[in-house]
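Engineer:
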Amino acid sequence: MLVAARLCRSKSMAHLSQKLEKGAAKAAPAAAVYSVRRPRSAAAKKMFPYLLVGPAVLYLLAITLYPGLFAMYQSLFVVKFVNWSWAGLGNYTRIVQDREFWAALGNTAIIGGLSLSLQTIIAMTVAFFCYRDPFVRGWRIIFLMPMLFMPSAVAFIWKLAFNDGRVISDLLMSLGLASNNVDWLSSVWLARLTLIVADVWQWTPFLFIIFVGALQGQDEEIEEAARLDGASWSSIFWNISLPMMRPIIVVAVTLRGIDITTMFTNVYIMTQGTPGGATETMSYFIYRQGFRMFNFGYASAASVLMLLITIVVAQTIVKRAFKSGKS
Amino acid sequence: MASILLKNVVKSFGSFVGVQDMNLDVVDEEFLVLLGPSGCGKTTTMRMIAGLEHPTEGEIRIGGALMNDIDARDRDVAMVFQGYALYPNMSIYENIRFPLRMRQVPKAKHDDLIRRAAEMVELGPFLDRKPGALSGGQRQRAALARAIVRQPQVFLMDEPLSNLDAKLRASMRVQIKHMQRELKVTTVYVTHDQIEAMTLADRIVIMNKGVIQQIGTPDDIYSNPANTFVAGFIGSPPMNLIAGTAQNGTFSAAGVKVPCPASLSGNITLGIRPEDCQVGGDNLQGQVYGVEPTGDITYLTVRTANKNIEIKAGREFRAPIDSAIAVGFDTTRLYFFGEDGNRVGVK
Ligand SMILES: Nc1ncnc2c1ncn2[C@@H]1O[C@H](COP(=O)(O)OP(=O)(O)OP(=O)(O)O)[C@@H](O)[C@H]1O
Ligand SMILES: [Mg+2]
Numbered sequence: 000m001l002v003a004a005r006l007c008r009s010k011s012m013a014h015l016s017q018k019l020e021k022g023a024a025k026a027a028p029a030a031a032v033y034s035v036r037r038p039r040s041a042a043a044k045k046m047f048p049y050l051l052v053g054p055a056v057l058y059l060l061a062i063t064l065y066p067g068l069f070a071m072y073q074s075l076f077v078v079k080f081v082n083w084s085w086a087g088l089g090n091y092t093r094i095v096q097d098r099e100f101w102a103a104l105g106n107t108a109i110i111g112g113l114s115l116s117l118q119t120i121i122a123m124t125v126a127f128f129c130y131r132d133p134f135v136r137g138w139r140i141i142f143l144m145p146m147l148f149m150p151s152a153v154a155f156i157w158k159l160a161f162n163d164g165r166v167i168s169d170l171l172m173s174l175g176l177a178s179n180n181v182d183w184l185s186s187v188w189l190a191r192l193t194l195i196v197a198d199v200w201q202w203t204p205f206l207f208i209i210f211v212g213a214l215q216g217q218d219e220e221i222e223e224a225a226r227l228d229g230a231s232w233s234s235i236f237w238n239i240s241l242p243m244m245r246p247i248i249v250v251a252v253t254l255r256g257i258d259i260t261t262m263f264t265n266v267y268i269m270t271q272g273t274p275g276g277a278t279e280t281m282s283y284f285i286y287r288q289g290f291r292m293f294n295f296g297y298a299s300a301a302s303v304l305m306l307l308i309t310i311v312v313a314q315t316i317v318k319r320a321f322k323s324g325k326s
Numbered sequence: 000m001a002s003i004l005l006k007n008v009v010k011s012f013g014s015f016v017g018v019q020d021m022n023l024d025v026v027d028e029e030f031l032v033l034l035g036p037s038g039c040g041k042t043t044t045m046r047m048i049a050g051l052e053h054p055t056e057g058e059i060r061i062g063g064a065l066m067n068d069i070d071a072r073d074r075d076v077a078m079v080f081q082g083y084a085l086y087p088n089m090s091i092y093e094n095i096r097f098p099l100r101m102r103q104v105p106k107a108k109h110d111d112l113i114r115r116a117a118e119m120v121e122l123g124p125f126l127d128r129k130p131g132a133l134s135g136g137q138r139q140r141a142a143l144a145r146a147i148v149r150q151p152q153v154f155l156m157d158e159p160l161s162n163l164d165a166k167l168r169a170s171m172r173v174q175i176k177h178m179q180r181e182l183k184v185t186t187v188y189v190t191h192d193q194i195e196a197m198t199l200a201d202r203i204v205i206m207n208k209g210v211i212q213q214i215g216t217p218d219d220i221y222s223n224p225a226n227t228f229v230a231g232f233i234g235s236p237p238m239n240l241i242a243g244t245a246q247n248g249t250f251s252a253a254g255v256k257v258p259c260p261a262s263l264s265g266n267i268t269l270g271i272r273p274e275d276c277q278v279g280g281d282n283l284q285g286q287v288y289g290v291e292p293t294g295d296i297t298y299l300t301v302r303t304a305n306k307n308i309e310i311k312a313g314r315e316f317r318a319p320i321d322s323a324i325a326v327g328f329d330t331t332r333l334y335f336f337g338e339d340g341n342r343v344g345v346k
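Heads up: the sequence lines are chains A and B, in that order. Mapping the first sequence onto numbering that gives the first Met the number 0, position 160 (from 1) lands on 159, and the numbers just tick up by one. Mapping the second sequence onto numbering that gives the first Met the number 0, position 254 (from 1) lands on 253, and the numbers just tick up by one.
1. Within 7 angstroms: the Cβ of T42/B and any heavy atom of ligand 2?
2. Report the neighbours of F335/B on chain A: residues whose CB is nearer than 8 angstroms to its CB, in chain order.
3. Going by DSSP, name the residue or residues bridged to E58/B.
4. If you draw a straight line from the alpha carbon of I248/A to that of R226/A, how long is it in whole angstroms?
5. Does the CB of R128/B have a neighbour CB from chain A at under 8 angstroms?
6. Where does A323/B fall in DSSP's three states?
7. Quick check: S74/A and S299/A, are their CB atoms within less than 8 angstroms of each other?
8. With DSSP as the reference, please indicate the residues paired to T297/B in a beta bridge.
9. Using a C-beta to C-beta distance shorter than 7 angstroms, which residues of chain A count as neighbours of G82/B?
10. Would you call the CB atoms of I110/A and T280/A closer than 8 angstroms?
11. Let's see if you can read the secondary structure: which residues bound the beta strand (DSSP E) around R202/B?
12. Residues in its own chain within less than 6 angstroms of P150/A by CB, not counting five upstream and five downstream?
13. Name the residues in the stretch 179-206 of chain B whose C-beta lies less than 7 angstroms from a C-beta of chain A; which are they?
14. Using a Cβ-based criterion (distance less than 7 angstroms to any ligand heavy atom), does H191/B qualify as near ligand 1?
15. Run the CB neighbour count on Q271/A, radius 10 Å, all protein chains shown included, and call it buried at 16 or more, exposed below.
16. Let's test the definition: count the other Cβ atoms within 10 Å of the Cβ of E158/B and tell me whether it reaches 16, buried, or not, exposed.
17. The stretch 103-118 of chain B: which residues have C-beta closer than 9 angstroms to a C-beta of chain A, in chain order?
18. Does the Cβ of Y130/A have 16 or more other Cβ atoms within 10 Å, making it buried, or fewer, making it exposed?
19. Just the chain B side, please: which residues come within less than 7 angstroms of M243/A by C-beta, in chain order?
20. Is C259/B near ligand 1, with its Cβ less than 7 angstroms from a heavy atom?
21. Is the CB-CB distance between S282/A and M262/A below 8 angstroms?
22. Which two residues bound the contiguous alpha helix (DSSP H) that contains F128/A?
23. Tell me the DSSP secondary structure of L65/B in three-state form.
24. Measuring only between beta-carbons, confirm whether S114/A sits less than 8 angstroms from chain B.
25. Taking the alpha-carbon positions, what's the I233/B to I203/B distance?
26. Please work out which residues of its chain come closer than 6 angstroms, Cβ to Cβ, to N7/B, disregarding the five sequence neighbours upstream and downstream, and give them in chain order.
27. Taking 7 angstroms as the cut-off, is the C-beta of Q19/B nearer than that to any heavy atom in ligand 1?
28. Does ligand 1 have a heavy atom nearer than 7 angstroms to the CB of G131/B?
29. Determine the closest residue to H191/B out of L33/B, A107/B and A141/B, with distance taken between C-alpha atoms.
30. Quick one, which of I220/B, G50/B and S134/B has its alpha-carbon nearest D75/B's?
31. Would you please verify whether the beta carbon of L227/A is less than 8 angstroms from any beta carbon of chain B?
32. Assuming contact is defined by CB atoms lying nearer than 8 angstroms, are V148/B and P98/B in contact in what I supplied?
33. Assuming Y91/A is part of the beta strand (DSSP E), what are its boundary residues?
34. I'd like to confirm the pairing. Which residues does DSSP put opposite K44/A in its beta bridges?
35. Listed in chain order, which residues of the stretch 55-72 of chain B have Cβ atoms closer than 8 angstroms to some Cβ of chain A?
36. What does A230/A reach in chain B if we use C-beta pairs closer than 8 angstroms?
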């Protein structure tokens, strides 16, 4: 029955479209000069959309999937330049016993976590205080400036400010907060602090812009209603604005978090993992394994592990956040 | 619980004047209704009383105290917004509770107050839902419940019943009036709906283009309209307005002739309510333009040379279209307006 009905319908459809085509051909002989309609086979018609998106898909595959798969494949070998010898999961078993790997993971979590929390808090606080400001409304885009600098340039600026140029030491001394030059790479926490400061400086604007946009987008009448109900600005923020912004916050912070876990440029330029590996992030660990020690297979295995960890953590956070937001 | 005083209040938005030189004295415990066409400045007036909009000029006082520099939060008014303004992230229960929480009402009292308010607007079954899961009318009732859950100095209600069906609207109207009498809270109420205005108000303020046209009791507004705007705005169908001339105690226009006070002369507009006209008589000659039976009454439209005149005829009245018809006026209920639109010839 159903099949018959379908057949019937497609027949009448075909009939209709034939009619239409005839009509069109009659009605527009002049147009026919420009659009020569060669009869296309059904298969060719079906392929057409794929042809259109094909190049983009190939491009994406080439720059993301291929290297990814290559790394996964390579992680199963011990690679000494052109010599690949099968190792199975050997690289992985070595990694989980590698103290430096775990240290790098911990450093990434500490530096990234602190940096991300600071950015979120600063961005939200500043956004809360100035989202009704007419200047911020009109010109919020200029707050993106730090993001527009090249990351390596930013890293060099902060390297100069902290270490080589001693700008910050001088500043602290003139404020009487330090008695002599601070050697920022001498202590674990000072070195980590320099990385955090640099990252916060460059990336807080990203969150700020998103938060300000979300706050500006909320219904002004709701705020007015809350004012009349007796709410202070801060209780409006905690009771209404913040809960309503929750999905936006989760997405923005997750994006930023994923980005932070791959922190490399600042480490490479400012600290090189010193002192004693206390600032060695996962990306830097992988870089060191691959391009300093030429353990390509080992580096690939670390990358794959890092990818898995990031996916699992991000997925859990997003899922949790959205679930509890609904109930 | 407090009087409201507006003295020479002006509100302009750039070069556009939303409210012009408004003087208004709302007595303590009064139910005042602002009535006027869309865009006449009703919401703007209300927002100024609430403190959400600063008057460009003039004074606003609540309970005698100058409010111009007092924040909205500290004025102790409760408002029902035209657009509801419910908190989308909270359940209806939490929405209604919010003002209690913010005003530090003891927690033990919350539940009782909330349920009473919700019951009044027949919202009991929806307390657990978020505003997004309610219909327009239900949201409006939730907004109303949030306003009436506490006892403020002043209630401001901006078309709180506009989205309800006729039956619910009628019952809520009675409830609002009853509640206002019971709580004795000074109330300013905005509406488009004449019936609502007439039934609820102690006094009605008629506004047009930011200017008060008339302030008075419903009776007063109906039987003594101050100008053609009020006359043409109140009543359904509204008063017939016929432009003509007065001379030697007679008003005449094309097809119309009525006696008028001898003091009137020149261009005058005659006003006569549809219910003060009857079929048969010698005041107006015209043709039948339309006959609309509604059951208890028949609306008759008569065409004269210049204008169509609405008449409320008896329920059994019928006549063929374009037939000639003569209409009589109740000459004790004629209104005359001068060229500026204001009422003239009142003894
Ligand atoms: N923020 C504003 N900026 C400019 N003009 C405004 C602003 N708010 C209101 N107006 C104008 O002031 C006039 C009065 O507006 P208001 O909202 O008070 O009308 P209303 O009487 O409440 O109308 P309605 O019955 O349609 O709600 C309108 O012409 C409106 O366009
Ligand atoms: Mg309005």
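Just so you know, even glycine gets a beta-carbon here, dropped at the ideal spot from N, CA and C.
Structural biologist: If we stick to the structure as given:
1. yes
2. In chain order: nothing, as chain A lies at least about 45 angstroms away.
3. Paired residues: K6/B.
4. 24 angstroms
5. no
6. strand
7. yes
8. P292/B and A312/B
9. E220
10. yes
11. R202 to N207
12. T264
13. none
14. yes
15. exposed
16. So E158/B counts as buried.
17. Q103
18. Label assigned to Y130/A: buried.
19. P87 and N88
20. no
21. yes
22. R98 to C129
23. strand
24. no
25. 11 angstroms
26. D20 and G57
27. no
28. No, the beta carbon of G131/B sits no closer than 7 angstroms to any heavy atom of ligand 1.
29. It is L33/B whose Cα lies nearest to the Cα of H191/B.
30. G50/B
31. It does: the Cβ of L227/A has a partner Cβ on chain B nearer than 8 angstroms.
32. yes
33. Careful: Y91/A lies outside any beta strand (DSSP E), inside the alpha helix (DSSP H) at G89 to V95.
34. Note: K44/A sits in no beta bridge, so no partner.
35. D70, A71 and R72
36. Ordered by position in chain B, the residues that pass the 8 angstroms Cβ test against A230/A are R72, F97 and M101.
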